[in-house]
Structure formats: C-alpha cells, structure tokens
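Participant:
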Amino acid sequence: MNRIILIGNGFDLAHGMATSYKNFIDDYWDQTIQEIKKNGAYRPFENEEIHIKRAPVYWPTGNSYKDLINTDIDGRPITLTFKNQFLKIITEKNDIQNWVDVEDEYYRLLIESSNNRNTGIVKKLNENLRQIKQLLADYLTRIENSFSNELNEDQKKIISQVSRKISEPFNFNDFSEASTSKKVESESEKILEFINEIKSGTITLDSLSYENQRLIPKINSDHPHKLIKKLLKSESALNYFELPPDNILYLNFNYTSTFEKLDQPYYEKFIGSSKINTTSIHIHGMLKNPDSMVFGFGDELDDQYKMIENLNDNAYLENIKSINYLETNSYKRLLEYVNSEEFQIFIFGHSCGISDRTLLNTLFEHENCASIKVFYHKRNDGSDNYSDIVRNISRNFNDKALMRDRVVNKNYCQPLLDIRN
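Each residue of the sequence shown is one higher than the one before, starting from 690 at the first, in the working numbering.
(1) Taking 8 Å as the cut-off, does the region 1005-1016 touch the region 836-847 (at least 3 CB pairs, one atom from each stretch)?
(2) Which full runs of the alpha helix (DSSP H) of 4+ residues lie inside the region 872-911, going along the chain?
(3) How many whole angstroms separate the CB atoms of Gly987 and Ile970, which I take to be in contact at a CB cut-off of 8 Å?
(4) Quick one: Cα of Thr770 to Cα of Asn736, how far?
(5) Using 8 Å as the cut-off, can you tell me whether the region 692-705 makes contact with the region 927-945, which would need three or more C-beta pairs spanning the two stretches below that distance?
(6) What does a CB cutoff of less than 7 Å around Val1096 pick up in its chain, not counting 5 residues either side in sequence?
(7) Exposed or buried, which one is Leu1049 when buried takes at least 16 other CB atoms within 10 Å?
(8) So for Met975, helix, strand or coil by DSSP?
(9) Can you check which of these residues, Asn815, Lys915, Tyr899, is closest to Leu1113 by C-alpha distance?
(10) Check whether the Cβ atoms of Ile821 and Leu776 sit closer than 8 Å, and answer yes or no.
(11) How big is the Cα-Cα spacing for Lys812 and Glu781?
(12) Around the C-beta of Tyr944, are 16 or more other C-beta atoms found within 10 angstroms, so that it is buried, or is it exposed?
(13) Work out the CA separation of Tyr955 and Asn966 for me, nearest whole Å.
(14) So the candidates are Glu876, Asp895, Val1027; which of them puts its Cα closest to the Cα of Ile908?
(15) Closer than 6 Å by C-beta to Ile997: which residues in its own chain qualify, once you throw out the five before and the five after it? Chain order, please.
(16) Go to His1055, then tell me how far its alpha helix (DSSP H) extends in each direction, as first and last residue.
(17) Do the region 865-885 and the region 906-921 meet, that is, are 3 or more Cβ pairs less than 8 Å apart?
(18) Check each candidate in Lys915, Ile884, His914 and name the one with the smallest Cα separation from Pro906.
(19) Hey, would you say Gly1038 sits closer than 8 Å to Phe734, going by beta carbons?
(20) Measuring CA to CA, which of Phe861, Asn759, Ser889, Ile800 is closest to Asp1094?
(21) Check for me: the alpha helix (DSSP H) holding Glu989 runs from which residue to which?
(22) Beta carbon of Tyr754, beta carbon of Asp784: below 8 Å?
(23) So Tyr939 is in the beta strand (DSSP E); what residue range does that whole segment cover?
(24) Going by the beta-carbon positions, is the gap between Ile880 and Leu904 smaller than 8 Å?
So, in structure tokens, the structure goes:
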C-alpha cells in the first residue's frame, strides 16, 4: 500500500516560514513604505500597483497599510490611488479581518463580473491577479532562500519530528472497512499458503520471516480471517505483519520546496532499516519557474461554475486550476500514482478548502483511497483545528457515508508537531 503526504501552507508555517497571504500583504506594504520614504518627502511616488500624489515629511513608527493611509499631509490624509484594484480589495480585507484568502476572493469577484457579463472587468481582474502572482512569487522566493540558507535549532527539531511521522507504519484502526477487509483477505491467503507448504514439507517454519514465524502458530487454518483482523487492529500488529508504506508521494500544494529538507523516510525493522521509495509532485508549480505556478480557483463542483462555463468566454476560465493543470504532466502523474495501488492520505498543513476542491474530490473519493488522516495544528491554549479541517474535508465529498468511513477519527490522529510553537 502507498501513502500520499498532502502538503499545504500550514506545513511551511509550522516550520517557521512566514508564507501566509497575510504575511505576503503585510510585507508588500512594509517594503513599499520603505521605498516611499527613500523616494523623498513631498514627492510623488508610483509603482506598478499604486500611486501617491505627495509623500509626507513625517511618518508614524509603523510600516503597515493602516499607518500609510492614516498619515497626514498638512492636516489631510495622504492621497493613495490603487492602479491594481484587486490589491486594494485584498489589502482592505486583510486589514479588517486580519487575514484573507486571495484565491477565494478572486473567485468571488469572478462570479460578480459574470453576473454583469462584463468581459472588460474580468480581463482587468485577470491582469491584476497576474501582478499579484508575480509579487507573491518574489516574496516567497525571499522567504524560501532565507529558510534554505540556515536552519535554526527549532527548525531542525521540527524537521526531525515531521520526518518520523511520514514513514510511520500503517495502523489499521485508521482504515476504511473495505480496505481492512482486503488486507485481511490477502494476509489470510498468504498465511494459509505457508501453512499448507509447511504441512507438505515444502518449507519449514524457520525459513520464513520473523513475523510469520510468530504469526503462523496462532492461526487456525479453518478460520484465519477473524484472528488476522483482530491482530491487524491491535497494538501488537507490528509483531506479526510488515506494515510500512511501499511508496511515499509528496503531493506539494505549496510553491516552496520545504519538504525537501525532510529526512529520507525509512522503516525500522528488527535488524537494520529499510529505505522507502519516494517521489514528489509540485501540483501548483515551483518558484524557480514562475510561469508554471497554478494560481486561481479550483472548484468545478460549485453551483456557479457551470454558469461561468456557459458564458462561452475564455477570459473567465483563465485562472481555473483544473484547466491549468494540463499545462504540465503533474496531474497525469498523480492519476497514474493513485490508480496504481491503494493509498492512505496524510494531511500536513493543508486546510482542504474549496479552492482545491476538484483535485481533492478526485483523491478523497477515489476507489483506491483507504484512509484520510489529519495531522492537526495544536495551539498554545490547548485548542486545535482538527474539526475545522474535517468540516472542510466534508465539502470535498459528494458521498458523506464514504467520508465518515475514510476520515480517521480524532482518537487516532495527532498534532503535526508535538511541541507547541
């Protein structure tokens, strides 16, 4: 059985990287205000996104958007004009709510423009988004370079903790009933074949693996299934079965490559260790190739998406993720992986929100998906976001009964980090 490590922005945040949309927008204004100051007092300032008629002489101590717009010039507020209206919207949302989801906000505006049937508005929106995408790529490149150059001791501890979780053995209390039944059947057939060969003298018990030497004497050859299922779901399962993943896929939704810092996954055995095959897919592209970055919205299941398609105007589909996945072979490689064998999903820092709903639905409801295990964020006050993630997961399922069978209950889940940060 395989494993997919589904990596979202919370993974980078857990490693101490300031990669949220809020971090990005706050940094934009910090950097921009520094440029305005360098440009000189009473002088106009302009970049690709904003225009200021006259810079002030005296500044407050802060470098935030709120500090800028509350700055007085001769008793009057500073005159700030947005050339990029989308930047204005996400900045004000971030300022009021202290957070913003840029992709969700883009989709909301896309729907509004489709209601007005105004192609000019959506083309301008797309142009604005392209600017934001480039600014985001530049910002994340700075953050990633800083992280890659030197790790502090806390980051090293975090990487060690997360690395151990990636290759942990399968716990069949995590699995759907259908998947557990398949495992019971396959183990039963294998054990019965060994028993018959031992009885016929073809092999000896001593020639088998350590696990099978312990397991076979316990098995009644007439009714093996019941005992094997009981043992699979017990704490002693590792004494009788080899339960590491055959292969691990890092499915990275981030533009950064933080996961590449993780240790090589291996499975500890009774003697020595065995490496596990790994591969990775940057489903949203990579910073070193900004043109590959998939940025926009990905919910074809939304009721209003069909209305957008029916407009017969390609401008409305320019930033739909499921279409842009076709620009590379990443999505094809993912389908090949999930079609090849049963798999378990580990969720590392992905909110499972609707901006990736089409892809997540494909994974979660796939016939080979045996389990979806949440590694949640535990906050300093002792609360956590397990329930929030599960509610989001539920929106990615059409079959709710299937969701309840596959999503691992909280008793068997754990925080991504054992230490609070």
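Every residue gets a Cβ at the ideal spot worked out from N, C-alpha and C, and that includes glycine. A quick note: this is a predicted structure, and the numbers were derived from the prediction, not measured.
Facilitator: Taking the structure as given:
(1) no
(2) 899-904
(3) Contact doesn't hold; Cβ gap of about 15 Å is too wide.
(4) 11 Å
(5) yes
(6) Ile1061, Val1079, Ile1082
(7) buried
(8) strand
(9) Outside the shown range of the chain (690 to 1110) lies residue 1113, about which nothing can therefore be said.
(10) yes
(11) 22 Å
(12) buried
(13) 9 Å
(14) Glu876
(15) Ser803, Tyr1005
(16) That residue, His1055, is in no alpha helix (DSSP H); it is neither H nor E in DSSP.
(17) yes
(18) Ile884
(19) no
(20) Phe861
(21) Note, Glu989: premise wrong, no alpha helix (DSSP H); not H, not E.
(22) yes
(23) 936-941
(24) yes
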